[in-house]
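Inspection log for the structure reproduced underneath, given as structure tokens.
Protein chains: 4
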Amino acid sequence: MKQGKISVGIVGATGYTGVELLRILLRHPQAEISVITSRKDAGTAVTQMFPSLRGFLDELVFTAPEVDALKQCDVVFFATPHGVAMSMARELTDAGVRIIDLAADFRLKDTEQFKRWYKMDHACPDLLREAVYGQPETMREAMKSARILGMAGCYPTSIELGLLPLMEYEKAHPGTFDLRTIIADSKSGISGSGKKADVSLITAEMSDNFHAYGLKGHRHQPEIVQQLRLLSGCPQLDLTFVPHLLPTIRGIHSTIYVRFKDAANPLDLQALYEKRFEKEYFVDVMPAGSHPETRSVRGSNFLRLAVHRPGGGDLIVVLAVEDNLVKGAAGQAVQAMNIVFGLDERTGLDWPALVP
Amino acid sequence: MKQGKISVGIVGATGYTGVELLRILLRHPQAEISVITSRKDAGTAVTQMFPSLRGFLDELVFTAPEVDALKQCDVVFFATPHGVAMSMARELTDAGVRIIDLAADFRLKDTEQFKRWYKMDHACPDLLREAVYGQPETMREAMKSARILGMAGCYPTSIELGLLPLMEYEKAHPGTFDLRTIIADSKSGISGSGKKADVSLITAEMSDNFHAYGLKGHRHQPEIVQQLRLLSGCPQLDLTFVPHLLPTIRGIHSTIYVRFKDAANPLDLQALYEKRFEKEYFVDVMPAGSHPETRSVRGSNFLRLAVHRPGGGDLIVVLAVEDNLVKGAAGQAVQAMNIVFGLDERTGLDWPALVP
Amino acid sequence: MKQGKISVGIVGATGYTGVELLRILLRHPQAEISVITSRKDAGTAVTQMFPSLRGFLDELVFTAPEVDALKQCDVVFFATPHGVAMSMARELTDAGVRIIDLAADFRLKDTEQFKRWYKMDHACPDLLREAVYGQPETMREAMKSARILGMAGCYPTSIELGLLPLMEYEKAHPGTFDLRTIIADSKSGISGSGKKADVSLITAEMSDNFHAYGLKGHRHQPEIVQQLRLLSGCPQLDLTFVPHLLPTIRGIHSTIYVRFKDAANPLDLQALYEKRFEKEYFVDVMPAGSHPETRSVRGSNFLRLAVHRPGGGDLIVVLAVEDNLVKGAAGQAVQAMNIVFGLDERTGLDWPALVP
Amino acid sequence: MKQGKISVGIVGATGYTGVELLRILLRHPQAEISVITSRKDAGTAVTQMFPSLRGFLDELVFTAPEVDALKQCDVVFFATPHGVAMSMARELTDAGVRIIDLAADFRLKDTEQFKRWYKMDHACPDLLREAVYGQPETMREAMKSARILGMAGCYPTSIELGLLPLMEYEKAHPGTFDLRTIIADSKSGISGSGKKADVSLITAEMSDNFHAYGLKGHRHQPEIVQQLRLLSGCPQLDLTFVPHLLPTIRGIHSTIYVRFKDAANPLDLQALYEKRFEKEYFVDVMPAGSHPETRSVRGSNFLRLAVHRPGGGDLIVVLAVEDNLVKGAAGQAVQAMNIVFGLDERTGLDWPALVP
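Those sequence lines, one after another, are chains A, B, C and D. Plus 55 on top of the position in the first sequence (first one is 1) and you've got my numbering. Plus 55 on top of the position in the second sequence (first one is 1) and you've got my numbering. Plus 55 on top of the position in the third sequence (first one is 1) and you've got my numbering. Plus 55 on top of the position in the fourth sequence (first one is 1) and you've got my numbering.
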């Protein structure tokens, strides 16, 4: 375990993921926010941009993103658009800094896929290979020694954890599920679209509205498929992913559909899920018959799950809720930081949701 | 076509479906609201309960629901809980009154199923047999001479119309689709839960929240299956229906998943949908690639559809939006009334959505 | 009264006021939308930008704003930022076209004040002098023959009509009220901020939020003061105007505070208000003791009022609600058009609010 | 300072104030929730009613409210309707238990006023006399030794703290302000109406709505007047209080209007406010010209203030925001508990708002 406080740098802290990192880390007993950068807002005080942090980070000022300052940190979080983390990764890792990327630079292992979805060449394929993708619950051991973590995104976390027990069961019992026909019908609160000046996001457009999007292809789909194939050992696995935009600020609800190959399969799903997540503090398998609510995790690092088998047929319906900015982004990243530095995973994250 | 104004009675007009009928009918050039009943609120002026109607229905007062007064009407709408319409149906039809039931008494043709889902015996199985279930778009001809219309509910309308072209194609080309595995992932605005004093519906509970419900079984499921089997001619057809509650007032978005049996089937879905609904004024097939928004039909009688085939695979994704209180209830009922009395279907319904 | 349809041009129809004009006029039995302009979106079909209008204005395409085309219209509405209407006003009025400006070019009679608040010189002070500012309820006679109407804005309409009976009473009985201390604490739905890409308006920022703004000075304040002085005949009248932003799409609620000079003044306020608005179809004085709700006018052209005198003291509290886009903008403008062309004022506006 | 943990009882913990106490106290390092009562839900596990607390209070079960169990506590919070706290106050104080009442039993010092507003006789006028009403910021010293605290309500806290510097200035400089004409135009999120099955509160009614209420008289008005008179030493002080209901879950925004007697009074209001609250951790005086947002305190114990003097005239406009359930209720009560037991006031309350 690390001695002294962990010196933290945050690159790109003016968006929702960034301010959420600030909100969490300012209360983390072992972390110290040392450097916080924003190219556009260098020189601005944090509390001028985020009055909700007045009284907490009154001295902190955004600086331009300079590698030299970041090299002094123990860990650097990237809460940036894709392309930034990989541009600074080599210098930082060479300097012994751990990197936790909340964007997409270290998610897709296949550089061709990366290029196809993100329209740029990957800057450091060797670092991509060694980077660890995922969540603490799926990749804890690998994370401990990783130099670079490519954190799973918000939608992917809800789906990958929602399916984890089934994937592992399939690995142990190949052919149990029809993994070519998985459907994830996901709904996300609008903070998932980021803090940006976009007419389609303004309150008069979206506060009493709901729609699907991304049916032509969404960047999170290949990331999820890659991980589910790894977890299940099934290379034929495929997924139809249909995201929707919810008129709430936070919260993701994924409704996930998987079929048994044999409708008569007697597997006790509730027991399987409870057993798998028994020791996972941040994953809550709710009682049989539950319908988890997005608000039940609002502002917290918990993911709540329920597993159903309507009418006892061949179809499994998993309901998974998380706060997209916490378990789906900043909270999970801090959970990973705790692992990397040998702390109790719950450190700085151990509070309940804000309800009502 | 009817001469003179249509004399209309409304039983149970204090709920959301009822007040929506009032809002529509008070502007209908051929209808006259003659009787409006509410057991609980008899004696109350309509505008006292609904100040938004001040200036329009200032003389109208709720009366106790008495058959004698209703017998004087040309048509009676039931915007009541189930069980009410069937209790008055015989007397009214005997008196020559047309019945349009917005509740569930005349939806399920199988009286055993009715009893199972609604926990009561059906009061008039013979009238149930002759009643016509559905929407104008599926049942127009039968509606013209029907004495009793059992209007399709809000979720069912979005799903039945969303699948109509596929069902009819299946009937003509049996075996095209795998109809045993249909999934409808539906999301409804909260007015669909009715105007009732229920803690789980209050704003502090639901205005920043989202969850599924009814996974143990929802009354709308058998109704939809009954109709889809009829339309497709496929008795093996089955449907998994997962409703969710949206923090909006109005609007249903159904995301519907159907598979081709042959992933290589070259059917032009966009053309199929456009052709089928070409002459249906209230069904709008949006351009290929669209993602219809619930607000685009807010307060209007339109249902908007988009049909997708992600990645050109075997899965069809239909997106259907409607206003649950208009096309999903009161508007569609007035559309049916227009058919019954030989009027242009659009009469009194021909206005656009309220956007923004 | 005009023979044949009124040919209407709309300049700047891509914002909320513009699309609301479209929504209203497309159902107006005596109006025909002939020209609709948008510099930025020339060539775009209206229904591509506003899918909610599909089925209604499918042929209509935005054109560049050219005076020659607009000259062919009977009336041109300006739903533009300030500065546009005055730049085209002379040519259009010379061509006999009536101008109805929903922006600020013809509101402030004092060109110095105009310059101070809008940071530009007025282009046509002579036309400004002849223009008629206000609402139908205050300026009906003058509107009939006016060539240019400077429509009162959304906040001003709620305050000016909310105070109208008191102002007229003061004129007849000078010294009744302490008019130097009026306070208008107004709350507006967010569509009042316009359809623009502004981070502070996005749903994640404003959908669960509330705040005041403009305390350093708001452009609507001088406009209201000008009109209240005119109505009351009291040049010392002054007003503190504090606007707030509500997390609703539509709706303004003005809470207005005025004091009697004599706390024992026995004036029957309820009777005064009822009498004054008895013949005003679109102004609804609610029963004594009422608290009007913004939703009770949602999407409609009504303004609802209640007048209170808490504890029978010297303070009068007026509550006024309107839909900022209808009675506060587009609906009122069409009401004015009806007056200008000798039609029944209610034409095309005679529908109730959308509730729930 | 207390040795060992503070044993806490909560009477009536099923409402919003109660669950907020739970949310705060479960993280309080010096408190232990020992007894939690609910007459109606005795026997129910806390996490069954509040799934958001799963993982934190899994062992806690509601019990019937029995004095014997409560006597074992160090402090008992009453989060009940009025009338409950005073019925148990004598037995508990006799047993040495400190009482913190979040309801109204110990607010109004005048038993006649209490009876008038709450329609019941006060059960223990002697205890009422010794009870301390207010907030930590106004009553810190008296709270230290008080046996009974009657915590100021949500609206009153925003108004009393919003006006505190002016009241104290008036006490030192009598005649500075015209205290007979104070107006508080307050807006509250809907959780302030409680967790109850009330049709007027359901999402379909209130989520896109806004209205005033209580103009005939609101119970919070006499409580605020009592305290402002005490603070200012001005027995003529009077207040018009107009509450409104906001379609947000949490948050109060009070817009408060006070006039200088002399419009030329050169008092530096910004300096006055900053100086007065310099040492108050939970009161944040924002920079001159600010417009505090309700979300900036969401879920936190901070109250943020801005003070304006529009146009440099005689009118002062104070803007005050707080979370009605935290600084307006449960958080402030825990802050008071910290004072009573000699702890740092910030203990267990020292976290920022949840933004976005």
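Idealized CB from N, CA, C, for every residue including glycine.
* Asked: Taking any Cβ of chain C, which residues in the segment 396-411 of chain B have a Cβ under 9 Å from it, in chain order?
  -> 405, 406, 407, 408, 409, 410, 411
* Run through DSSP, which three-state label would residue 351 (chain D) get? -> helix
* Asked: How should residue 254 (chain B) be labelled, buried or exposed, when 16 other C-beta atoms within 10 angstroms of its C-beta is the threshold for buried?
  -> exposed
* Asked: DSSP on residue 181 (chain C), reduced to helix/strand/coil?
  -> Assigned with DSSP and collapsed to three states, residue 181 (chain C) falls in helix.
* Decide if residue 171 (chain A) is buried, meaning its Cβ has at least 16 other Cβ atoms within 10 Å, or exposed. => exposed
* **Below-8 Å beta-carbon distance, residue 265 (chain C) vs any chain B residue** => no
* To do: State yes or no: is the C-beta of residue 126 (chain A) within less than 8 Å of the C-beta of residue 150 (chain A)?
  => yes
* Going along chain C, which residues have a C-beta under 7 Å from residue 240 (chain D)? -> 240, 310
* Confirm, please, whether the CB-CB distance from residue 79 (chain A) to residue 389 (chain A) is below 8 Å. => yes
* To do: In the DSSP assignment, find the unbroken beta strand (DSSP E) run with residue 65 (chain A) in it and report its ends.
  => 61-66
* **Within 7 Å of chain D by C-beta, residues of the segment 255-283 of chain B in sequence order** => So the list reads 256, 257, 258, 259, 261, 262, 263, given in the order they occur along the chain.
* Confirm, please, whether the CB-CB distance from residue 384 (chain C) to residue 311 (chain C) is below 8 Å. => Residue 384 (chain C) is positioned such that its CB atom lies no closer than 8 Å to that of residue 311 (chain C).
* When you compare each of B:241, B:292, B:245, B:298 to residue 269 (chain B) by their alpha carbons, which one comes out closest? -> B:298
* To do: Verify the CB distance criterion: does residue 302 (chain A) have a CB-CB separation below 8 Å to chain C?
  => yes
* Test item: CB-CB of residue 300 (chain C) and residue 261 (chain C) under 8 Å -> In this structure, residue 261 (chain C) lies closer than 8 Å to residue 300 (chain C) by Cβ.
* To do: Would you check if the segment 101-116 of chain B and the segment 72-88 of chain B touch, i.e. whether three or more CB-CB distances between them fall below 8 Å?
  => yes
* **Same chain, Cβ closer than 6 Å to residue 373 (chain C), neighbours up to 5 away in sequence not counted** => Answer for residue 373 (chain C): 217, 311, 362, listed in chain order.
* To do: Check distances from the C-beta atoms of the segment 62-84 of chain C to those of chain A and list, in chain order, the residues that come in under 9 Å.
  => 71
* **Chain-ordered neighbours of residue 253 (chain A) on chain C, where CB pairs are closer than 8 Å** => 252, 257
* Asked: Nearest to residue 69 (chain C) by alpha carbon, out of C:59, C:118, C:85?
  -> When each option's Cα is compared against that of residue 69 (chain C), the closest is C:118.
* Mind pulling the chain B residues with CB within less than 8 Å of residue 246 (chain D)? -> The contacting residues are 259.
* **CB contact check: residue 231 (chain A) to chain B, cutoff 8 Å** => With respect to chain B, the C-beta atom of residue 231 (chain A) has no partner C-beta closer than 8 Å.
* Asked: Taking C-alpha atoms, which residue in C:249, C:182, C:377 lies nearest to residue 202 (chain C)?
  -> C:182
* To do: Put residue 410 (chain A) into one of helix, strand or coil per three-state DSSP.
  => coil
* Asked: Shorter than 8 Å from the beta carbon of residue 106 (chain A) to some beta carbon of chain D?
  -> Closer than 8 Å to some Cβ of chain D, the Cβ of residue 106 (chain A) qualifies, so yes.
* **With 16 other Cβ atoms within 10 Å as the buried cut-off, status of residue 275 (chain D)** => buried
* Look at residue 314 (chain D) and residue 233 (chain D) and say whether their C-beta atoms are less than 8 Å apart. => yes
* **Closer than 9 Å at the beta carbon, the chain A residues around residue 370 (chain B)** => 236, 238, 295
* Exposed or buried, residue 220 (chain D), counting other C-beta atoms within 10 Å across all chains shown (16 or more means buried)? -> buried
* Asked: Does any CB atom of chain B fall closer than 8 Å to the CB of residue 351 (chain C)?
  -> Closer than 8 Å to some Cβ of chain B, the Cβ of residue 351 (chain C) qualifies, so yes.
* Asked: Just reading off the alpha helix (DSSP H) that residue 279 (chain A) is part of, what are its end residues?
  -> 275-287
* Cβ of residue 222 (chain C) within 8 Å of Cβ of residue 395 (chain C)? -> no
* Asked: Taking the C-alpha atoms as reference points, what is the distance between residue 110 (chain B) and residue 159 (chain D)?
  -> CA-to-CA, the gap between residue 110 (chain B) and residue 159 (chain D) works out to about 42 Å.
* To do: Measure the beta-carbon distance from residue 186 (chain B) to residue 161 (chain B) and round it to whole angstroms, keeping in mind my assumption that it falls under 8 Å.
  => 4 Å
* Asked: From A:173, A:145, A:364, A:191, pick the residue whose C-alpha is nearest to that of residue 401 (chain A); which is it?
  -> A:191
* Check the Cβ-Cβ distances between residue 133 (chain C) and every residue of chain B, and say whether any is below 8 Å. => no
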